[in-house]
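Below: the structure, in structure tokens.
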Amino acid sequence: MTALLYTFVIVVGYLFGSVCSAVIVSQLFSLPDPRTEGSKNPGATNVLRLAGKKYAAIVLLGDMLKGLLPVLLAKILGADHVAICFTALAAVIGHMYPVFFRFHGGKGVATALGALLGVNFILGVMVIATWLLVANFTRYSSLASIVSIILAPIYAMLAIGHLEIFPPLFFITLLVIYQHRNNITRLIDGEEPKIKASHNLNEEINAVLTEPTRVVSPATEEQADEAKETENKET
1176 MTALLYTFVI
1186 VVGYLFGSVC
1196 SAVIVSQLFS
1206 LPDPRTEGSK
1216 NPGATNVLRL
1226 AGKKYAAIVL
1236 LGDMLKGLLP
1246 VLLAKILGAD
1256 HVAICFTALA
1266 AVIGHMYPVF
1276 FRFHGGKGVA
1286 TALGALLGVN
1296 FILGVMVIAT
1306 WLLVANFTRY
1316 SSLASIVSII
1326 LAPIYAMLAI
1336 GHLEIFPPLF
1346 FITLLVIYQH
1356 RNNITRLIDG
1366 EEPKIKASHN
1376 LNEEINAVLT
1386 EPTRVVSPAT
1396 EEQADEAKET
1406 ENKET
């Protein structure tokens, strides 16, 4: 495999990841701009609040495809396992730090999932199953995202069996955990909102995969932060 091909697939992965599905969907369907309305976060969750499930599902699909398509392209071009996994990493980085949107993006869970499905379908299914299992038992969507992404490199070793793929997948894990640092703090403090028990968990997945800390409870992340600030002022 040539260095040119290696570089090409990684750059393509990053550029794919940098495309903001929420902004494109809002412009195509004349919806409120998610960058200036609602939570001002261009993700499926904000689109869900602003425009409903149908458009949020389209955004979710777009975010997953950002990870899936460049990985499949790398496979078609004959890239090796390492280059394919670095392409997946590049797509996740693009979603988190998009060059087209001043390097301000999301947490990367949906894009990571799409990329992992492209790397190995069984791997992607295992990560989804882990998320569902943890979320059902703990009712914490953020914890489900953290646990499933931590186990992803181990699952990859079991499903693919190449030691050299571990580093790029491990970096994906580190990045997603870093993006969840505020959630981890709230989990430790017992302040992280839970998935509402009366909700159908499957209906939460669209929002959870893209912005796992924002939508699975009646209070959004911003509302939780505001409530905490108000409590501090009162005390």
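Okay, so the sequence shown: first residue is 1176 according to the numbering used here, each after it adds one.
Even glycine gets a Cβ: it sits at the ideal position worked out from N, Cα and C.
If you ignore the 5 residues before and after R1210, its C-beta comes within less than 7 angstroms of the C-beta of V1198 and P1217, all in its own chain and listed in chain order. Counting only runs of 4+ residues, the alpha helix (DSSP H) found wholly inside the segment 1325–1369 occupies 1341–1354 and 1356–1364, in chain order. DSSP, read as helix, strand or coil, puts V1267 in helix. With contact defined as three or more Cβ pairs closer than 8 angstroms, the segment 1251–1266 and the segment 1186–1194 are in contact. Inclusion of I1335 and H1256 in the CB contact set at 8 angstroms is warranted, their separation being smaller than that value.
The segment 1221–1235 makes no contact with the segment 1301–1310, as fewer than three CB pairs between them are under 8 angstroms. The alpha-carbon of V1284 is positioned some 7 angstroms away from that of S1320.
Contact between the segment 1310–1324 and the segment 1355–1369 is established, with three or more Cβ pairs separated by less than 8 angstroms. G1192 is a Cβ neighbour of V1267, given a cutoff of 8 angstroms.
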